[in-house]
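Number of protein chains: 2
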Amino acid sequence: MPKVETFDRTNVLHNATEVFHKKGYNGTSMQDLVDATGLNRSSIYNSFGSKLGMFMEVLSFYRNNGNKQMGKEIVQNQNALDTLQSIFCWYVTDIIEDKDHKGCLIVNCKSEMVNQEPLIRSFMEQNQEQMMAFLEDVVHNGQMEKIINEDQTATQYALYLYSSIQGLRMTGILNTNKEELENLIHTILSVLK
Amino acid sequence: MPKVETFDRTNVLHNATEVFHKKGYNGTSMQDLVDATGLNRSSIYNSFGSKLGMFMEVLSFYRNNGNKQMGKEIVQNQNALDTLQSIFCWYVTDIIEDKDHKGCLIVNCKSEMVNQEPLIRSFMEQNQEQMMAFLEDVVHNGQMEKIINEDQTATQYALYLYSSIQGLRMTGILNTNKEELENLIHTILSVLK
DNA sequence: TTAATTTTGAAACGTTCATTTCAATAAAAT
DNA sequence: ATTTTATTGAAATGAACGTTTCAAAATTAA
Numbered sequence: 001m002p003k004v005e006t007f008d009r010t011n012v013l014h015n016a017t018e019v020f021h022k023k024g025y026n027g028t029s030m031q032d033l034v035d036a037t038g039l040n041r042s043s044i045y046n047s048f049g050s051k052l053g054m055f056m057e058v059l060s061f062y063r064n065n066g067n068k069q070m071g072k073e074i075v076q077n078q079n080a081l082d083t084l085q086s087i088f089c090w091y092v093t094d095i096i097e098d099k100d101h102k103g104c105l106i107v108n109c110k111s112e113m114v115n116q117e118p119l120i121r122s123f124m125e126q127n128q129e130q131m132m133a134f135l136e137d138v139v140h141n142g143q144m145e146k147i148i149n150e151d152q153t154a155t156q157y158a159l160y161l162y163s164s165i166q167g168l169r170m171t172g173i174l175n176t177n178k179e180e181l182e183n184l185i186h187t188i189l190s191v192l193k
Numbered sequence: 001m002p003k004v005e006t007f008d009r010t011n012v013l014h015n016a017t018e019v020f021h022k023k024g025y026n027g028t029s030m031q032d033l034v035d036a037t038g039l040n041r042s043s044i045y046n047s048f049g050s051k052l053g054m055f056m057e058v059l060s061f062y063r064n065n066g067n068k069q070m071g072k073e074i075v076q077n078q079n080a081l082d083t084l085q086s087i088f089c090w091y092v093t094d095i096i097e098d099k100d101h102k103g104c105l106i107v108n109c110k111s112e113m114v115n116q117e118p119l120i121r122s123f124m125e126q127n128q129e130q131m132m133a134f135l136e137d138v139v140h141n142g143q144m145e146k147i148i149n150e151d152q153t154a155t156q157y158a159l160y161l162y163s164s165i166q167g168l169r170m171t172g173i174l175n176t177n178k179e180e181l182e183n184l185i186h187t188i189l190s191v192l193k
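Just so you know, the protein sequences line up as chains A and B, in that order.
Number 23 in my numbering belongs to position 23 of the first sequence; there are no gaps in the numbering.
Number 91 in my numbering belongs to position 91 of the second sequence; there are no gaps in the numbering.
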């Protein structure tokens with residue numbers, strides 16, 4: 001009977017994510033991945049098919065991890081505005097902890113590859129869909145509770161928030177001042193009040 | 001006495017910009033640049049030193065062109081809010097005209113290279129400084145005219161606008177719906193009123 | 001132990017990478 | 001016409017690229 005996959009796939013993805021995050025897709029070589037994961041070159045191809053195949057798994061891994069971490073910040077039964085506050089605060093924390101100014105892997109990849117690689121474009125479209133749906137839901141709840149104004153529809157505010165998050169991610173690459181970032185998210189969220 | 005540079009440097013930079021914009025720095029090869037510019041490989045090295053050298057000139061070229069174009073949109077003697085409106089509208093136009101979803105060369109480069117290449121980091125820091133100073137000035141004028149509120153300082157609003165612009169640039173990669181984008185900038189600017 | 005299957009190591013695949021070299025050609029000022 | 005410098009073309013540099021190959025080693029179930 002077959003020998004079973006021995007290496008820790010989560011650990012391998014974690015290490016691969018680190019390299020891709022630091023160097024970008026085109027800046028990362030297969031040798032970089034061999035070095036970072038400790039996996040044999042052949043094993044990478046056996047398990048992930050190609051560099052792009054591995055990267056797609058890395059993207060999902062990164063997103064799932066982010067969602068998991070952010071989920072912890074969101075307390076049940078807090079109002080919609082506090083939920084948004086928690087989300088944005090998580091981004092600020094993530095920015096401040098990012099000592100080497102890498103930014104967000106997903107945002108970086110969007111700007112690097114959406115116009116070049118259909119698989120990436122699909123991922124990003126699906127990612128946007130998912131985030132927009134979530135944000136719209138939160139805003140909608142806030143509007144029902146009269147905590148968020150109705151100057152704009154929930155959909156319109158969701159796009160505003162989605163755009164603001166991407167802006168925050170880009171800004172955080174060069175600006176990691178906690179007070180300035182917290183003031184920034186205060187300004188962003190003030191629109192909804 | 002010496003033969004003088006014969007090729008049209010502006011035209012060469014224009015063509016080089018197109019390739020770098022489409023493929024990103026790491027995605028662009030020297031062969032791509034030879035093909036796009038029509039210049040000989042040696043001439044590129046003679047005139048620009050290296051791939052990075054050429055890219056640095058391309059970055060400045062792209063920025064100067066953008067500033068020039070945007071300058072035309074800004075009418076003299078309009079109030080501060082209208083100036084901001086003009087600026088954001090120019091971005092929307094640029095997004096809509098960008099049929100192949102390349103996004104902004106400078107934003108893309110920031111996310112690809114700031115943490116890898118000191119020259120790029122300096123460029124981006126200087127670029128941010130410049131934009132922030134300009135935005136701060138506009139906001140400050142608006143506040144003097146009582147057209148922009150004073151809930152936040154001009155500096156704080158400048159960061160908010162700078163961040164919003166980067167967000168708009170990222171959003172515009174996948175979302176090119178004119179009405180949605182115009183509503184987005186309306187929401188962004190509503191904070192200042 | 002044997003049979004089945006995956007992981008591993010190392011080498012090689014052919015291509016492309018950024019950059020250099022150099023002799024030949026072209027143009028301007030003396 | 002001669003000198004000076006730039007542009008050009010084409011080839012070559014050596015290293016790195018993503019991917020494939022394959023026999024040896026390892027592991028599990030029968």
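Glycine is no exception: its CB is placed at the ideal position from the N, C-alpha and C atoms.
Being a predicted model, the structure only gives us computed values, none of them experimental.
Option nearest residue i by Cα separation, candidates the options
i	options	result
Leu161 of chain B	B:Val191, B:Asn40, B:Leu13 and B:Glu182	B:Val191
Ile120 of chain A	A:Ile44, A:Val138 and A:Gly53	A:Gly53
Ser86 of chain B	B:Glu73, B:Phe61, B:Asn77 and B:Ile95	B:Glu73
Asp75 of chain B	B:Trp90, B:Val107 and B:Phe61	It should be pointed out that residue 75 of chain B corresponds to Val in this sequence rather than to Asp. Out of B:Trp90, B:Val107 and B:Phe61, B:Trp90 has the C-alpha closest to the C-alpha of Val75 of chain B.
Asn77 of chain A	A:Glu145, A:Asn15 and A:Gly66	A:Glu145
Ala158 of chain A	A:Ile96, A:Lys68 and A:Glu129	A:Glu129
Thr93 of chain A	A:Ile188, A:Phe7, A:Asn177 and A:Thr187	A:Asn177
Ile95 of chain B	B:Ile165, B:Tyr45 and B:His186	B:Ile165
Ser47 of chain A	A:Arg63, A:Tyr25 and A:Phe7	A:Phe7
His167 of chain A	A:Phe88, A:Asp151 and A:Phe123	The sequence given here places Gly at residue 167 of chain A; His does not occur at that position. Answer by Cα proximity: A:Phe88.
His21 of chain B	B:Pro118, B:Gln152 and B:Phe61	B:Phe61
Phe55 of chain B	B:Leu39, B:Cys109 and B:Asn67	B:Cys109
Proximity below 8 Å, CB of residue i to CB of residue j
i	j	result
Asn141 of chain A	Ala80 of chain A	yes
Val19 of chain A	Thr10 of chain A	no
Glu57 of chain A	Leu13 of chain A	yes
Ser111 of chain B	Leu184 of chain A	no
Glu136 of chain B	Thr155 of chain B	yes
Asp35 of chain B	Lys23 of chain B	no
Asn115 of chain B	Asp100 of chain A	yes
Asn37 of chain A	Asn65 of chain A	According to the sequence shown, residue 37 of chain A is Thr rather than Asn. Their beta carbons are not under 8 Å apart, which means Thr37 of chain A does not touch Asn65 of chain A by this criterion.
Met170 of chain B	Val107 of chain A	yes
Asn26 of chain B	Asn175 of chain A	no
Leu84 of chain A	Leu189 of chain A	yes
Ile173 of chain B	Gly103 of chain B	yes
Met70 of chain B	Lys51 of chain B	no
Leu59 of chain A	Phe123 of chain A	yes
Ser152 of chain A	Thr187 of chain B	According to the sequence provided, residue 152 of chain A is Gln. The question's Ser does not apply to it. It is a contact, given that the beta carbons lie within the stated cut-off.
Asn220 of chain A	Arg41 of chain A	The requested residue 220 of chain A does not occur in the structure, where chain A is confined to residues 1 to 193.
Proximal residues of chain A, C-beta to C-beta of residue i below 9 Å
i	result
Met56 of chain B	Result: empty, since nearest Cβ-Cβ is about 17 Å, beyond 9 Å.
Gln126 of chain B	Near Gln126 of chain B there are no residues of chain A at all, since even the closest Cβ is about 11 Å away, more than 9 Å.
Ile173 of chain B	Lys110, Ser111, Val114, Asn115 and Met124
Run of the alpha helix (DSSP H) containing residue i, from where it starts to where it stops
i	result
Leu52 of chain B	Lys51 to Glu73
Ile106 of chain B	Leu105 to Met113
Val191 of chain A	Counting along the chain, Val191 of chain A falls outside any alpha helix (DSSP H), and DSSP gives it neither H nor E.
Asn127 of chain B	Pro118 to Met144
Glu150 of chain B	No alpha helix (DSSP H) holds Glu150 of chain B; DSSP gives it neither H nor E.
His14 of chain B	Arg9 to Lys23
Asp40 of chain A	Strictly speaking, residue 40 of chain A in this sequence is Asn, with Asp absent from that position. Note, Asn40 of chain A: premise wrong, no alpha helix (DSSP H); not H, not E.
Gln85 of chain A	Ala80 to Glu97
Within chain B, partners of residue i - CB distance below 7 Å
i	result
His101 of chain A	Val114 and Asn115
Met30 of chain A	Chain B residues near Met30 of chain A: none, gap ~15 Å exceeds 7 Å.
Asn183 of chain A	Gln156
Val107 of chain A	Ser111 and Met170
Interface residues of chain B facing residue i [CB-CB closer than 8 Å]
i	result
Gly27 of chain A	Asn26, Glu112 and Gln116
Gln152 of chain A	Asn183 and Thr187
Beta-carbon neighbours of residue i, restricted to chain A and to distances below 7 Å
i	result
Gly66 of chain B	Going along chain A, no residue has its Cβ under 7 Å from Gly66 of chain B, so there is no contact; the nearest lies around 16 Å.
Glu180 of chain B	Leu159
Neighbouring residues, chain B, relative to residue i (Cβ below 9 Å)
i	result
Leu168 of chain A	Ser163, Gln166 and Gly167
Val191 of chain A	Thr187, Ile188, Ser190 and Val191
Contacts that residue i makes with chain A (C-beta to C-beta distance below 8 Å)
i	result
Thr93 of chain B	In chain order: nothing, as chain A lies at least about 17 Å away.
beta-carbon residue i near the ligand HEM non-hydrogen atom, thresh 7 Å
i	result
Leu174 of chain A	This structure lacks the ligand HEM, and indeed carries no ligand of any kind.
Please identify, using Cβ separations under 7 Å, the residues of the stretch 37-61 of chain B that lie next to chain A, in order along the chain. none
Selection of the stretch 11-26 of chain B by Cβ proximity to chain A, strictly under 9 Å: Lys22, Lys23, Gly24, Tyr25 and Asn26
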